[in-house]
Amino acid sequence: MGSVVETMAQGDSTVQEVVRKVFAQGPSVDEPIIVHRQEAVREVLERPALVDKLYRLAQETLKAKRRESFGLVRHDRPYLYGAIKGMQALLKGLRDLLSLLEAEPLARAPFLGLRDRLRATLSPAFFWEAEEHLRSLRFPRGVWMAAGIDPWGRSNDFTLLPPENRGSVWPFGKKPREYVLSLHPRDETGSRILGELREQGIHEAAKALATAVEEVSRFFEALRAETAFLLGATRLARRLDALGMPRAFPKPTGAARLAFRGLYDVGLALRQGHAVGNDLEAEGRNPIFITGANRGGKTTFLRSLGLAQVLLQAGLFVGAAAFEGSLARGLFTHFKREEDSALEAGKFEEELRRLSGIADHLRGGALLLLNESFAATSEAEGSVLGAQVVRALTEQGVRVVFVTHFYTLAVAFQDSPGTLFLKAERLPDGTRTYRIRVERPEPSAYGEDLLRRVFGER
Numbered sequence: 001m002g003s004v005v006e007t008m009a010q011g012d013s014t015v016q017e018v019v020r021k022v023f024a025q026g027p028s029v030d031e032p033i034i035v036h037r038q039e040a041v042r043e044v045l046e047r048p049a050l051v052d053k054l055y056r057l058a059q060e061t062l063k064a065k066r067r068e069s070f071g072l073v074r075h076d077r078p079y080l081y082g083a084i085k086g087m088q089a090l091l092k093g094l095r096d097l098l099s100l101l102e103a104e105p106l107a108r109a110p111f112l113g114l115r116d117r118l119r120a121t122l123s124p125a126f127f128w129e130a131e132e133h134l135r136s137l138r139f140p141r142g143v144w145m146a147a148g149i150d151p152w153g154r155s156n157d158f159t160l161l162p163p164e165n166r167g168s169v170w171p172f173g174k175k176p177r178e179y180v181l182s183l184h185p186r187d188e189t190g191s192r193i194l195g196e197l198r199e200q201g202i203h204e205a206a207k208a209l210a211t212a213v214e215e216v217s218r219f220f221e222a223l224r225a226e227t228a229f230l231l232g233a234t235r236l237a238r239r240l241d242a243l244g245m246p247r248a249f250p251k252p253t254g255a256a257r258l259a260f261r262g263l264y265d266v267g268l269a270l271r272q273g274h275a276v277g278n279d280l281e282a283e284g285r286n287p288i289f290i291t292g293a294n295r296g297g298k299t300t301f302l303r304s305l306g307l308a309q310v311l312l313q314a315g316l317f318v319g320a321a322a323f324e325g326s327l328a329r330g331l332f333t334h335f336k337r338e339e340d341s342a343l344e345a346g347k348f349e350e351e352l353r354r355l356s357g358i359a360d361h362l363r364g365g366a367l368l369l370l371n372e373s374f375a376a377t378s379e380a381e382g383s384v385l386g387a388q389v390v391r392a393l394t395e396q397g398v399r400v401v402f403v404t405h406f407y408t409l410a411v412a413f414q415d416s417p418g419t420l421f422l423k424a425e426r427l428p429d430g431t432r433t434y435r436i437r438v439e440r441p442e443p444s445a446y447g448e449d450l451l452r453r454v455f456g457e458r
């Protein structure tokens, strides 16, 4: 996954954070949502400049809002003025967003829907009314408000009033002389008290405007996150195209189906510039065992399956000529690790601990990828334990794909209906093709090939 994330981010920390969050938050199991995301990705692949403009627009709008709304958290006049300036920056962003979408020849539902929703909401009348409200909140004719008096003669229940368009500044008609208070220019205490009364009157309006600013800001934050992910998708597609590697939008299905042509490990292709693809038709097959020659591409094939499942359920294209697969209710991996450097547990005990932790989260419809699990113990013990685990999980509806060099474990399922055996291809001269074929397991993993490679013929 690291190579995929790096390619999508290209040094942009925002894109990197968003992509990691999408991949880590768990696969979506809602087929309409996945198809909707795929349509959005198709749109930006056809118009890569569009997503770049949208991403920069969201970034610049949020930056302008932060710059203009400095002082937004203060409970005085700058609090209100900061909110006014922040909202003006956001309104400009909304105008620019609508103009950008209306100028593009959009063709797919996600962007057409966004444009139509904005067009219905952001009418010229909306912008005019919003600007009028912001102008009135600057109080060019002074602050008008009403207040009550509590039993102790103190002012309370301050209510901001809209200034009326009349000659007198007194809101209730002719100004009675006995209610007029004029402050001496040097009356600092009176000015302070009057200022406090004024701020109590505008405080609720300032809070309401600040809330509106944050609501619109959240829209632009969501736009930035969505476009960051889509921008990453265009970068990944561009890189795979440059390498000459195929990519295809997978077809999600509700049934237990797995079929593909030319599936390869995208991460390996990004690191090495090339990867071998494999074909498979495995509808309704569970569990799947992968055996065969050492260094024959078994682990790489398992990684390609896992990565394709992540990309499928994130709404992206996969590294294949064609791919069709059922949606997994959770994707889990159990790969062997090196010895515990802290010496808190042996290798086999550490494997069992991790597997136990995974089992606590497994449920029907989940996909579990096992790579050489139980290899830290003998074949006899590991095969018995592995068979028990696989049977228990498949009975609960968990899909299991297991790379193992334990021949005893694999053949324990040779008469089980639904089991599929795959094998890493090895030519008669010992050459590894890194292709995976449908074939029953053999007792040998051909470790002698590695000995010959290291020590030569003897």
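Using the working numbering, read the sequence shown as starting at 1 and increasing by one per residue.
Beta carbons: idealized from backbone N, C-alpha and C, even for Gly.
On a predicted model such as this, the values are computed, not experimentally measured, just so you know.
Determine the direct distance from the alpha carbon of Lys-92 to that of His-295, and round the result to whole angstroms. In the sequence shown, residue 295 corresponds to position 295, counting from 1. In the sequence shown, residue 92 corresponds to position 92, counting from 1. Position check: residue 295 holds Arg in this sequence, whereas His was assumed. When rounded, the distance between both Cα atoms is 58 Å.
Is the segment 394-401 touching the segment 236-245, taking contact as three or more C-beta pairs under 8 Å? no
Taking the alpha-carbon of Pro-443 as reference, which of Ser-416, Arg-426, Glu-131, Ala-410 has the nearest alpha-carbon? In the sequence shown, counting from the first residue as 1, residue 443 sits at position 443. Among Ser-416, Arg-426, Glu-131, Ala-410, the Cα nearest to that of Pro-443 belongs to Ala-410.
Cα-Cα separation between Pro-32 and Glu-381, rounded to whole angstroms: Along the sequence shown, one-based indexing puts residue 32 at 32. Along the sequence shown, one-based indexing puts residue 381 at 381. Cα-Cα distance, rounded: 45 Å.
For Asp-415, which residues in the same chain have their Cβ closer than 8 Å to its Cβ, ignoring the five residues on either side in sequence? In the sequence shown, counting from the first residue as 1, residue 415 sits at position 415. None.
Exposed or buried, what is Lys-65 when buried is set at 16 or more other beta-carbons lying within 10 Å of its beta-carbon? Translated into the one-based positions of the sequence shown, residue 65 becomes position 65. Its Cβ being crowded by 16 or more others within 10 Å, Lys-65 is buried.
Determine contact between the segment 212-225 and the segment 51-69, defined as no fewer than three beta-carbon pairs at a distance below 8 Å. yes
6 Å Cβ shell around Tyr-434 - same chain, five flanking residues per side excluded: Taking the first residue of the sequence shown as 1, we reach residue 434 at position 434. Excluding positions up to five away in sequence, the list reads Val-276, Gly-297.
Exposed unless 16 or more other CB atoms sit within 10 angstroms - verdict on Gln-388: As a first step, residue 388 must be located in the sequence shown, where it is residue number 388. Exposed.
Mapping the DSSP letters down to three states, classify His-361 as helix, strand or coil. What you label residue 361 is simply residue 361 of the sequence shown in a count that begins at 1. His-361 falls in the coil class under three-state DSSP.
Contact the segment 22-39 vs the segment 51-63: 3+ CB pairs below 8 Å: no
Would you kindly check if the distance between the Cβ of Ala-212 and the Cβ of Met-8 is under 8 Å? Along the sequence shown, read from residue 1 onward, the residue named residue 8 stands at position 8. Along the sequence shown, read from residue 1 onward, the residue named residue 212 stands at position 212. It is not a contact, given that the beta carbons lie outside the stated cut-off.
Near Leu-118, which residues of its chain fall below 6 Å by C-beta distance, leaving aside the five closest residues on each side in sequence? Counting from one through the sequence shown, the residue named residue 118 turns up at place 118. Once the five neighbours on either side are set aside, the close Cβ partners of Leu-118 are Leu-98.
With DSSP as the reference, label Ala-259 as helix, strand or coil. Looking up residue 259 in the sequence shown gives position 259. DSSP places Ala-259 in strand when its eight states are reduced to three.
List, from N- to C-terminal side, the beta strand (DSSP E) runs of 3 residues or more that fit wholly inside the segment 256-338. 258-263, 278-281, 288-292, 322-326, 331-335
Contact check, Phe-323 vs Ile-436 under 8 Å by CB: the rounded distance? As a first step, residue 323 is located in the sequence shown; it is residue number 323 there, counting from the start. As a first step, residue 436 is located in the sequence shown; it is residue number 436 there, counting from the start. With a Cβ gap of about 15 Å, Phe-323 and Ile-436 do not count as contacting.
With a CB to CB cut of under 7 Å and the five nearest residues on each side skipped, what residues in its chain are close to Thr-394? In the sequence shown, counting from the first residue as 1, residue 394 sits at position 394. Contacts found: Asn-286, Pro-287, Val-400.
Glu-425, enclosing beta strand (DSSP E) - first and last residue: Position 425 of the sequence shown, counted from the start, is the residue given in the question as residue 425. Here the beta strand (DSSP E) through Glu-425 covers 420-426.
Extent of the continuous beta strand (DSSP E) to which Pro-27 belongs: If you number the sequence shown from 1, residue 27 lands on position 27. Taken as a continuous stretch (DSSP letters only), Pro-27 belongs to no beta strand (DSSP E), as it is neither H nor E.
I'd like the ranges of any alpha helix (DSSP H) spanning at least 4 consecutive residues and lying wholly in the segment 372-396. 379-395
In chain order, which continuous runs of the alpha helix (DSSP H) of length 4 or greater are located wholly inside the segment 28-116? 31-46, 48-68, 77-103
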